[in-house]
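Chains as they are written, first to last, in full-length UniProt numbering: chain A, 1 to 516; chain B, 1 to 285.
Have a look at this one:
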């Protein structure tokens, strides 16, 4: 406990400043935290209760009135710069530098909330105008600015004491989810690394020719999905890579060797040239497929020669010489088993064969789809007795004709009154409001080991600080915050005079019982 | 998370001296730092968090107002008061040097006594060791270093100028009020707070429970809360859904819900002015 200094004999007054002997004696303080036992229900003036109360009060009191004493060697010196609301470190930072603070212009800095937290922990001593600041000064000076409220500091301190890593949130420095999806390279060497990765992962790349084909086909597919212009050939997402080897290999298996070189070269030529979308159908008119024979290697009925002749060397590019292709090893890889059809399927197949539409005279007479549909309706109408006309003739008709086939999912959509939506729908249109803003990014404690301040990665959650006195966040605020945050959950930290409760809103879809 | 509280104990340490002052922070913007002096009533409670047992304590705004009315707080925003900056700096550095010297002396003493203790406990009553002892002590004197970094320094919680002698307190007390509370809701809350305090209950905030205050029969350190106090004005209407919600909540946490409305009947004892209605889930009558 602190000493009582007597300056004059008349009045004693109380001083919190510790004398050097007390400072020295503080090394042997016990660091025990009082244990909270079971609480009682009702005060009944028993001795036992009073005793326990006194004991916990005394423990509590002694801990509160303890002054913070630290060895000078353990303290990091820092100065407060009020013009920028920042604390600059004068001596090298300690262990906390791994997760807190930032460096700029060769000097190390701390944010005011980090500085205040470290002051309370006893790691940093902040000076202002050559004098050390007390905790009281810290609270007044650091939290006075509009960038940080007391409540935000409370949440910050709470989370840090639990072990989380808490950083300030800057809306501008967050990449949107779209940008993340595109997996844009951060730097040039990153692109090089990706290229290497792709090469090694490609499973069927044996010759450079096939690899170039895969690139081109995958590139074309990627072009269709992303619609991206000006992207390099090298940089391809790996998912497309897994699809492309299969397609190219099947293509090489079934395509006649005579066309292998020819068709490929056409595609590659166009790819290297312009990027406009080409319809392969338009190119098909160039080729007369009736004269080009594609051997059906999969058919078991026709007898296929065991080997395919080598293609015409005039069709092949350059000095490529292709020999006879032995088909048997390929055929073993294809499933040549007969498809077993159930009896119903077989009956349907028979019926279809019998009612071939192109042999049907009436169908031939229809000149467009509308007439064909009318013909079908007439036929349907003749077959069944007709639908309930009293239902269909009035102003209000049934939602759906039961004789029309419809998948269950669509039917459920038709009868649904409430359309389900997700949280981010329409969120991009909302403007940021002043009332609700995200204050912190929070990272999990177990990432401390490999945490890099320059590249912290995706945070675990983001915090929005509010209080029970304020309004409940409405849907607009929730949407706007969710949009700002991207794909990271936003947690509302509600501060209640020291107690903090955490709430979050999650997207939820009602389960639909649909089996396609 | 349970609420942690601290209270100033009723008994005092010395005869004239009250309990030491406690530094409290009020939850307003900008945060006001207060010193809570020794004449505070024994039920001062301040919420804390995380089991963090250190100052500053956070006070409810009602607590702050109550203490202000009882003139038990002082606005701690007074500075060093007229002393020039360079003088302060010089003083501070001098103090540090003095502290370093004293601590060095103390550290040396400490080591010597430890050495003596070790030597005398290991050798029992022979003449030889006294010379060895002297030799050891001299070696200690020569080799003892107490670097600046080993000096213990106080990180003061309150500003150095905040002493509390009686004259000062009178001077400081003049700076009231600390926070202005204008809306009627806050005034109602304060009235309920004061009334319940007057009846001897301990109160903490109850945002997590959907109410305004948690009412404890004794110190929150040792007892469970009995009531959740919800402050309503007498002429406000409450929809049944709200009543149901708060009653359900109360029964889930085994506390009685207390609807408090200031402006009720004045009890003859002078206390009161607040009408209380309790909600409790009962079975079939």
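Cβ coordinates follow ideal geometry from the N, Cα and C atoms, glycine included.
Check residue i in the structure and name its three-state DSSP category.
i	result
residue 498 of chain A	coil
residue 278 of chain B	strand
residue 128 of chain A	strand
residue 287 of chain A	coil
residue 510 of chain A	coil
residue 156 of chain B	coil
residue 462 of chain A	strand
residue 492 of chain A	strand
residue 139 of chain A	helix
residue 146 of chain B	coil
residue 108 of chain A	strand
residue 326 of chain A	strand
residue 297 of chain A	coil
residue 443 of chain A	strand
residue 312 of chain A	coil
residue 147 of chain A	coil
residue 339 of chain A	coil
residue 486 of chain A	coil
residue 134 of chain A	coil
residue 153 of chain A	helix
residue 273 of chain B	strand
When the Cα atoms are used, what is the spatial distance from residue i to residue j?
i	j	result
residue 412 of chain A	residue 398 of chain A	14 Å
residue 510 of chain A	residue 421 of chain A	10 Å
residue 461 of chain A	residue 437 of chain A	14 Å
residue 445 of chain A	residue 474 of chain A	31 Å
residue 457 of chain A	residue 102 of chain B	50 Å
residue 514 of chain A	residue 160 of chain A	46 Å
residue 29 of chain B	residue 143 of chain A	Below a pLDDT of 50, predicted positions are generally treated as unreliable, and residue 29 of chain B, at 44, falls in that range; the measurement from the model is reported next regardless. Roughly 9 Å separates the two Cα atoms.
residue 105 of chain B	residue 69 of chain A	18 Å
residue 493 of chain A	residue 255 of chain B	25 Å
residue 227 of chain B	residue 53 of chain A	21 Å
residue 56 of chain A	residue 221 of chain B	7 Å
residue 416 of chain A	residue 342 of chain A	36 Å
residue 290 of chain A	residue 390 of chain A	55 Å
residue 204 of chain B	residue 158 of chain A	19 Å
residue 88 of chain B	residue 154 of chain B	17 Å
residue 311 of chain A	residue 324 of chain A	8 Å
residue 71 of chain A	residue 162 of chain A	25 Å
residue 376 of chain A	residue 368 of chain A	13 Å
residue 130 of chain B	residue 110 of chain B	19 Å
residue 250 of chain A	residue 508 of chain A	Confidence in residue 250 of chain A is poor, its pLDDT being 41 and thus under 50, which makes the residue's placement too unreliable to answer from.
residue 138 of chain A	residue 62 of chain B	24 Å
residue 67 of chain A	residue 156 of chain B	7 Å
residue 237 of chain B	residue 199 of chain B	27 Å
residue 288 of chain A	residue 183 of chain A	42 Å
Given residue i, which residues of its chain have a CB within under 7 Å of its CB, disregarding the five upstream and five downstream residues?
i	result
residue 281 of chain B	247 and 251
residue 521 of chain A	This structure cannot settle anything about residue 521 of chain A, because the visible part of chain A is limited to 1 through 516.
residue 468 of chain A	494 and 496
Tell me which same chain residues have a C-beta within less than 6 Å of the C-beta of residue i, skipping the five on either side of it?
i	result
residue 154 of chain A	495
residue 151 of chain B	100 and 103
residue 477 of chain A	436
residue 133 of chain B	119
residue 108 of chain B	144
residue 113 of chain A	148, 153 and 156
residue 406 of chain A	none
residue 313 of chain A	none
residue 191 of chain B	262
residue 195 of chain B	274
Which same chain residues, not among the five before or five after residue i, have their C-beta less than 8 Å away from its C-beta?
i	result
residue 109 of chain A	86, 87, 88, 89, 101, 102 and 103
residue 233 of chain B	184, 188, 261, 262 and 263
residue 428 of chain A	483
Can you give the beta carbon distance from residue i to residue j, rounded, assuming they're within the 8 Å contact cut?
i	j	result
residue 451 of chain A	residue 165 of chain A	6 Å
residue 258 of chain B	residue 229 of chain B	5 Å
residue 243 of chain B	residue 209 of chain B	Not a contact, Cβ separation roughly 15 Å.
residue 488 of chain A	residue 99 of chain A	The Cβ separation is near 18 Å, so there is no contact.
residue 223 of chain B	residue 40 of chain A	6 Å
residue 426 of chain A	residue 479 of chain A	7 Å
task: Return the chain-ordered ranges of every alpha helix (DSSP H) run that is complete within the stretch 349-435 of chain A and spans a minimum of 4 residues.
output: 361-365, 369-383, 389-392 and 408-415
task: Jot down the residue ranges of each uninterrupted alpha helix (DSSP H) in the UniProt domain "tRNA intron endonuclease catalytic" (188-261) of chain B, minimum 4 residues, whole runs only, in chain order.
output: 240-252
message: Which runs of the beta strand (DSSP E) at least 3 residues long sit entirely within the stretch 19-106 of chain A? Give them in chain order.
response: 68-71, 76-81, 86-89 and 102-104
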